[in-house]
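Just so we're aligned, residue -5 is where the sequence shown starts under the working numbering, counting upward by one. Note that beta-carbon positions come from the ideal geometry of N, C-alpha and C, so glycine has one too.
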Amino acid sequence: MVEVMKFTKNKIAALLSLTLLGVYGCGSTPSSSDAEGAVEDVGGTIPDFESAAFFKKVKKDHAKAEVVSDQGVTSGSSALKVNFDSVSEANKFKYWPNVKVHPDSGFWNWNAKGSLSLDITNPTDSPANIILKLADNVGVMGSGDNQLNYAVNVPAGETVPVEMLFNGTKRKLDGYWGGEKINLRNIVEFQIFVQGPMDAQTVIIDNFNLVDATGDFIEASGQEVKVSGPIPTVASITSFDEGQPTFVAFDRSAAATVTELKTDMGGLLAVKLAATNAYPNITFKAPQPWDWSEYGDFSLAFDLESKTDEPLQLFVRVDDAENENWGGTANGVVDSMSSYVTLAPGDDGTFYLPLGQTGSQIVSGMRAEPPKKSYNAQAISYGWGEKSLDTSNIVSFQLYLQNPTKDAEFNIKSVRLIPNIDADATRYEGLIDQYGQFTGSEWPKKITEDEELETMGKLAKMSLKSTSQMPGRSIYGGWADGPKLKGTGFFRTEKVDGKWSLVDPQGNLFFATGVDNIRMDDTVTITGHDFADKDKRSGKEVASEVRRSMFTWLPEDDDVLAENYDYANWVHSGALKKGEVFSFYGANLQRKYGGTFSEAEKVWKDITIDRMVDWGFTTLGNWADPMFYDNKKVAYVANGWIFGDHARISTGNDYWGPIHDPFDPEFVNSVKAMTKKLMTEVDKNDPWMMGVFVDNEISWGNTKNDANHYGLVVNALSYDMKKSPAKAAFTEHLKEKYWAIEDLNTSWGVKVASWAEFEKSFDHRSRLSKNMKKDYAEMLEMLSAKYFSTVRAELKKVLPNHLYLGARFADWGVTPEIAKGAAPYVDVMSYNLYAEDLNSKGDWSKLAELDKPSIIGEFHFGSTDSGLFHGGIVSAASQQDRAKKYTNYMNSIADNPYFVGAHWFQYIDSPTTGRAWDGENYNVGFVSITDTPYVPLVEAAKKFNQDVYMLRYKK
């Protein structure tokens, strides 16, 4: 039954003042771009067991829930007790007893989180088997790929801390299934349920928390820069104004009360859908089908306001044929597009559905995007049915509910067509000028013409040879005015007055400061072109329209600046997997210093070294171009990468790839190949070489949870011993310790039939016992010791007098056992730490136990006030703030007795359009894309470098 009531403006004036107050107020709809930009915002309060309001919102199905304070409370003063109904064999596919929690804002954004944790108590005398489920806006509609499930067993009478890893299925961990495509930015439901057949069960839930993701969990993306603006209308279907048809098909609507209101601000429909019907709906239909084909790429949009006090899941169906109930073929799947959206309480905005669901997204190849118009609009998610419709024959569309338990009320202010704002690529067009700078904003020292670069180049050339070491420095940058120690002709380490220190070749205390990546390699960006024959640059084609449209200028092949073209044979992540690249930085060097690229590069080399001396840096950081090594002004570090055909081991969470299997005899050959290449770049007798880093940010694991901590061993033990040298080494270690398989079974609490079975595979991915963790820790240390001892042995054969600087542990990629295994074999422990300072992140409690000199290999701060779209891994508010943060960070390093230096990452800003390798487009350089130094940062570094030895040794 459909009830229709019509009121005039005068009759409802008083009614409006009461019931429609706020319709045109400040309420807003959370947009998808808001969710993506605000990575740190979880999008609403998480389950809070101390909140009475939370308990009222818990939804129950074949289950009872109550607040308790006398049992199962592990945090605060109350917990949630859930009694699940029994499920018979006959009903196991009919219902699943459950409790559900939904976010109060419509969605949770947990993209920056790696897991959720909670305590589960079983107060009964029988084991409890429950399942935790997370679902995004697609998952709640039944898509298994968008529902993450984790089965948990809670022993009778016990309280178990449970952690649900958001990538548990991807890592093939025991008890997980589904969720391979779950969108952590749009979680709309957390559920606890039981699977029948099952007796009645009771559990108590408390202490819900989110656990931050580690560095290799988080999708790398910067916050969007937003430009507000009205949503343009392509065509109006109806705004319900006086004289306009509403197109409401009352004969096809069900359990809907539709009130047509006329206000000073226009008309609207007040809709109430009643829970008395399984599918209450309001259907719209014109006398003849709508023909929208002339409007191109558009979305069907509804301007809606929720009048319901809890999240409202609204379904939208659009048919391009007559409904089968009226003699046609459209049935919700065939000739229909079905979709849905969740309206939060008070939502008031535009909700839109593209009628061509291609499933494709614009891939720009940038970590952070250029400014995008941010509308008060939310996408309606595609659910099922046709992925594109015949827009020349839209017969009807409807808004409806599925099996509602409560009535729902909302206002429809208009129905219209708007541009497909999700697929709008115009913001990428003309993004970059001829200097590689963003065209859409201005900032100090932005280059506008070649003459500016030429003038800067002439001034830089004039300053050549006029720089010298800071006062009180040795020729190597050591503390000439400090205490004299033994000089060996090479860099070494020594503990002085309880503080670890580097010692320069002349015997002076030395503190390593410097900048990484002084090289051209990472200055190139993907142009969007590819070739049939890349070597001849023939058969040129546009492989990415989006990438190519970004550039207002690229040189012709006969232009002198075309020397800055190159080719990327493989890309880690981006718009293309391979293709042409270009270096605007290289082109700007030619404009600045003149001549061919080779000629300009020679000038750049000299000026860069002079800058390092003038700015007071004592070393060139990692990955400096080897052409800088023989500069005789600034010490340097070299680096090696281990490649080869040796076996690998996966942690199940491999950001840069699986790690080396150092037990493979072939690994030694791979290390030898690394040292052979290294020796083509360095002189074994060079006193200016401080030492060598080998590898970088290996995925050793971390201590966030057991899966991360012991993942290397878990995966290694799952391999066949005949195919995995690490598995063979671990097996022999365990045989020596336990001898009989029964002893291992007893210790670990497992059931393995024989050592032969163990050798074939021990694929245990459920909870680890105490003794398993102890043994796994031993094997982690074994693995680390084997890797670092092998690298040291081969490195010292070719460079016996230089320091082995380790493998640059990431804070997300090191465990205590790995560090302990490395310490005896490295001369200096190295860590990459992106944080506000040394004390704000990371566990440094083991430094005293390891008692090794340590160095920071990477850190940085970036801003978005100089034309780049991303502030880097740790952002700052401005260029001045970058300088302040630099000083604070370096002071924390100088204050720590174990650290002997730190290197900033990196010398040059990333390309604005993203470096070719992986799209990084960070403002983290000491110089810009036009080779212009950032003065506040430079001055901060100079000041610290001037004071470093007094700061370090307090004299």
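Local Cβ density within 10 Å of residue i, reported as buried at 16 or more and exposed below that
| i | result |
| --- | --- |
| residue 656 | buried |
| residue 31 | Residue confidence for residue 31 is low, a pLDDT of 33 falling below 50, so the modelled location carries little weight and cannot support an answer. |
| residue 19 | Its pLDDT being 25, under 50, residue 19 is placed unreliably by the model, and the measurement read from it follows with that caveat. Residue 19 comes out exposed. |
| residue 34 | Per-residue confidence for residue 34 stands at a pLDDT of 40, beneath the threshold of 50, marking its modelled position as unreliable; the derived number appears in the next sentence. Residue 34 is exposed by the Cβ-count criterion. |
| residue 262 | buried |
| residue 458 | exposed |
| residue 863 | buried |
| residue 87 | exposed |
| residue 136 | exposed |
| residue 16 | At residue 16, the pLDDT of 25 sits below 50, so the modelled position is not reliable and the matter cannot be decided from this model. |
| residue 833 | exposed |
| residue 584 | buried |
| residue 96 | buried |
Cβ separation of residue i and residue j, assumed to be a contact under 8 Å, to the nearest whole Å
| i | j | result |
| --- | --- | --- |
| residue 569 | residue 541 | 5 Å |
| residue 506 | residue 684 | 7 Å |
| residue 672 | residue 629 | So it is not a contact: roughly 17 Å between Cβ atoms. |
| residue 476 | residue 463 | No, residue 476 and residue 463 are not in contact; Cβ-Cβ is about 14 Å, not under 8 Å. |
| residue 181 | residue 126 | Incorrect: roughly 13 Å between the Cβ atoms, too far for contact. |
| residue 578 | residue 923 | 6 Å |
| residue 63 | residue 71 | 6 Å |
| residue 803 | residue 813 | 7 Å |
| residue 484 | residue 796 | 6 Å |
Distance between residue j and residue i (C-alpha atoms, nearest Å)
| i | j | result |
| --- | --- | --- |
| residue 625 | residue 581 | 24 Å |
| residue 25 | residue 377 | Caution applies to residue 25, whose pLDDT of 29 falls short of 50 and renders its modelled position unreliable; the value that the coordinates give is listed next. Going from the Cα of residue 25 to the Cα of residue 377 covers about 19 Å. |
| residue 288 | residue 384 | 12 Å |
| residue 342 | residue 401 | 19 Å |
| residue 769 | residue 508 | 41 Å |
| residue 677 | residue 617 | 17 Å |
| residue 944 | residue 424 | 50 Å |
| residue 513 | residue 619 | 5 Å |
| residue 587 | residue 898 | 26 Å |
| residue 174 | residue 142 | 8 Å |
| residue 847 | residue 465 | 26 Å |
| residue 762 | residue 557 | 57 Å |
| residue 447 | residue 544 | 23 Å |
| residue 252 | residue 398 | 18 Å |
| residue 455 | residue 370 | 52 Å |
| residue 693 | residue 445 | 47 Å |
| residue 116 | residue 799 | 50 Å |
| residue 931 | residue 758 | 51 Å |
| residue 933 | residue 609 | 8 Å |
| residue 267 | residue 347 | 21 Å |
Backbone secondary structure at residue i - three-state DSSP
| i | result |
| --- | --- |
| residue 920 | coil |
| residue 659 | helix |
| residue 51 | helix |
| residue 637 | coil |
| residue 761 | coil |
| residue 780 | helix |
| residue 15 | Note on residue 15: pLDDT 24, under 50, position unreliable in the model; no value is reported. |
| residue 705 | helix |
| residue 332 | strand |
| residue 839 | coil |
| residue 950 | Shown here, the chain extends from -5 to 949; a query on residue 950 therefore has no answer. |
| residue 261 | strand |
Cβ pair residue i, residue j closer than 8 Å
| i | j | result |
| --- | --- | --- |
| residue 843 | residue 828 | no |
| residue 264 | residue 405 | yes |
| residue 74 | residue 231 | no |
| residue 950 | residue 332 | In the structure as shown, the chain starts at -5 and stops at 949, and residue 950 therefore has no counterpart that could be examined. |
| residue 515 | residue 468 | no |
| residue 304 | residue 339 | yes |
| residue 688 | residue 787 | no |
| residue 916 | residue 866 | yes |
| residue 315 | residue 389 | yes |
| residue 108 | residue 698 | yes |
| residue 428 | residue 598 | no |
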